[in-house]
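In our numbering, the protein residues as written are 224 to 610. Even glycine gets a Cβ: it sits at the ideal position worked out from N, Cα and C. None of the values given here were measured: they were computed from a predicted structure. For reference, the structure is listed below as structure tokens.
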């Protein structure tokens, strides 16, 4: 054990240059591994070109790709720089940009050096899983983290920009509003949200037309409603608390029977006003948001777990008290079952017969979120300092 600690204490493991290199390499590896099979990126490119040509965004294009786009019209501008270059180059740049965006969000945060290093090492494998699917969820994790820490730095207008950006691309970004009560400039924050909402709603009109974009936002709403119904029993979707309940217990009732109590559990810590002044408490709420948005969404998929994994590390490291053996066990359980299960290093039989059919990737994250809720209800976050 002492030799292991001595090995991990080497400067190599604590150098940000090491981690920047690793995360950039993961972006390159993620792109190269899928150079001949990158359906998601083809859908993303299509959003730009179909917007430019004013074609419907939410209908199948079997000659170009399978499945249907589910991202908002604003995504046409986000993906534009990667769509106008050759396909192979766009894919490579997209994966590297996603990896770099989350890296920068972590580094620009107010997390301690210990927290940042922990996030960057612990989430590296989950990042690669998301990169294999060219997932925008990597950017969503960065957007939520940035929104929180920009509010912490009283840069509310910038926080509002990222919240609106995430919302108009994939709706998940709307969870950034959970940090509203931590803002010291609430009126400024609301005005910024309104201004950015109008600006980003209209922004895609620069490459199309007002009538087209308004119509596509209406189609996007209908598409998401339909997609939610499809997700309920989809094998690769609904990897969440909702999915586990349906697959393990055969639940057929409305998901609201789970979602409403979960929302109440999520909201209760807001009543602990005396804890608002403690950065550990506020960071733990950030961790709760990052886990909640995936655990209680029918659209959750395996490659989207980069979002709650960032939250897991923040939960573990933000607490100003000594973590217990139970906490360490939960952390290891999450890494082994939730992060490693999609890889070839995990026993294929267990993955195919248990993890995938019963959406068990969500189980460790669920247990951690429940413990997080209990801690936010009962613990004092005023302790010495964040380790």
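The C-beta separation of residue 343 from residue 249 comes to about 11 Å, leaving the pair out of contact by the 8 Å criterion. Measuring C-alpha to C-alpha distances from residue 359 to each of 519, 337 and 294 identifies 294 as the nearest. For the options 435, 388, 440 and 437, the alpha carbon positioned closest to that of residue 418 is the one of 388.
Per DSSP, residue 326 is one residue of the alpha helix (DSSP H) stretching across 310-330.
By the beta-carbon neighbour count (other beta carbons within 10 angstroms, threshold 16), residue 336 is exposed. The Cβ neighbour count for residue 505, taken over all protein chains shown within 10 Å, is at least 16; the residue is labelled buried. For residue 384, same chain residues with a beta-carbon under 6 Å away, outside a window of 5 residues either side, are 419 in chain order. For the pair residue 466 and residue 582, the CB atoms are nearer than the 7 Å cut-off.
In the same chain as residue 453, and ignoring 5 residues on each side of it, the C-beta atoms closer than 8 Å to its own belong to 460, in chain order. With 16 or more neighbouring CB atoms inside 10 Å of its own CB, residue 436 falls in the buried class.
With contact defined as three or more Cβ pairs closer than 8 Å, the stretch 260-276 and the stretch 289-306 are in contact.
Every unbroken stretch of the alpha helix (DSSP H) spanning 4 or more residues and falling wholly within the stretch 390-432 is given here in chain order: 409-425.
Just measuring C-alpha positions, the residue of 315, 509 and 299 sitting nearest residue 256 is 315. DSSP places residue 559 in no alpha helix (DSSP H); its state is neither H nor E. Residue state for residue 534 is assigned as helix, using DSSP reduced to three classes. In the DSSP assignment, residue 266 falls within the alpha helix (DSSP H) that extends over 262-275. In this model, residue 258 and residue 511 are separated by some 35 Å (Cα to Cα). Judged by DSSP in its simplified three-state form, residue 371 adopts helix. Here the stretch 358-373 lies against the stretch 323-339, with 3 or more beta-carbon pairs under 8 Å apart.
Linking residue 531 to residue 263 through their CA atoms gives a straight-line distance of about 21 Å. Residue 493 and residue 403 have their C-alpha atoms some 11 Å from each other. Here residue 544 carries a coil assignment [DSSP, helix/strand/coil]. The Cβ-Cβ distance between residue 374 and residue 406 falls below 7 Å. Put simply, the backbone Cα of residue 526 is about 31 Å away from that of residue 421. Look at residue 359 here: in three-state DSSP terms it is coil, with no helix or strand label. Between the C-alpha atoms of residue 577 and residue 443 there is a straight-line separation of about 34 Å. Spanning the alpha carbons of residue 296 and residue 274 requires a straight line of approximately 8 Å. In the three-state reduction of the DSSP assignment, residue 302 falls in the coil class. Remark: fewer than three beta-carbon pairs, one from each stretch, lie closer than 8 Å, so the stretch 479-494 and the stretch 539-559 are not flagged as touching. The beta carbon of residue 282 lies closer than 8 Å to those of 291 in the same chain, with the five residues before and after it left out.
Collapsing the DSSP output to three states places residue 487 in a helix. Contact between residue 321 and residue 362 holds, since their C-beta atoms are separated by about 6 Å, short of 8 Å.
Within the same chain, 596 come within 6 Å of residue 488 by CB-CB distance, once the 5 residues on both sides are set aside. Residue 439 is a Cβ neighbour of residue 280, given a cutoff of 7 Å. Within the same chain, and ignoring the five residues on either side of residue 428 in sequence, the residues whose Cβ sits closer than 7 Å to its Cβ are 436. Measuring C-alpha to C-alpha distances from residue 600 to each of 239, 393, 332 and 498 identifies 498 as the nearest.
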